[in-house]
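Below is one structure; the comments refer to it alone.
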Amino acid sequence: MTWDRRADDRIGVFHPAHIVVLRTHFDGLLKIASRRLEQRNAGEDLDQIDCRIDAIGRRRSSEDSVVSELEIVLAIANRATHALVALPETGGVVHLRGPDSCFLFGSAALDVTIAIIEW
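Residue 49 in the working numbering is what sits at position 53 of the sequence shown, and the numbering runs on without skipping anything.
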């Protein structure tokens, strides 16, 4: 994998198989977050939070800022969705357009890393 820049954009070149792995991880995290949101909407018991969501929340919160679980889950879902959209359908070139896109993609990758470590 290599990254290059063009103005504020970043262009990553991956082996196509790595794109499949990234898609699998981002999609899995999105499914975990979506399942939690569905539980909330259905009024189900929320005592059992997925350990991966909990770990991401702990790592992304600080003592100075308390973030609700809903905010954490929504942020995870938004970052994973953004990352999935950024991945190409074919090939291995990822084009991140601007600083916000770079931040969201990198944040989604960090979420995946935290989830894998926790699992």
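Virtual Cβ for every residue (Gly too), placed ideally from N, Cα, C.
Selected residue, minimal CA-CA separation from residue i, among the options
i	options	result
residue 30	14, 2, 68	68
residue 19	51, 3, 75, 42	75
residue 49	0, 70, -3	70
residue 5	97, 62, -3	97
residue 105	62, 14, 57, 37	14
residue 112	52, 64, 62	52
residue 83	11, 2, 107	11
residue 86	103, 16, 3	16
residue 77	7, -1, 26	26
residue 7	21, 24, 37, 102	102
residue 0	61, 90, 24	90
residue 81	23, 43, 34	23
residue 3	114, 110, 108, 92	92
For residue i, the three-state DSSP class (helix, strand or coil)
i	result
residue 0	strand
For residue j and residue i, believed in contact at Cβ under 8 Å, the rounded distance
i	j	result
residue 100	residue 79	7 Å
residue 56	residue 63	7 Å
residue 41	residue 32	Not confirmed; about 12 Å, so no contact.
residue 88	residue 9	6 Å
Counterpart residues of residue i in DSSP-defined beta bridges
i	result
residue 110	BP columns for residue 110 are empty, so no partner.
residue 8	-1, 90
>> For a minimum of 4 consecutive residues, which ranges assigned as the alpha helix (DSSP H) are wholly contained in the segment 16 to 92?
In response: 47 to 56, 65 to 82
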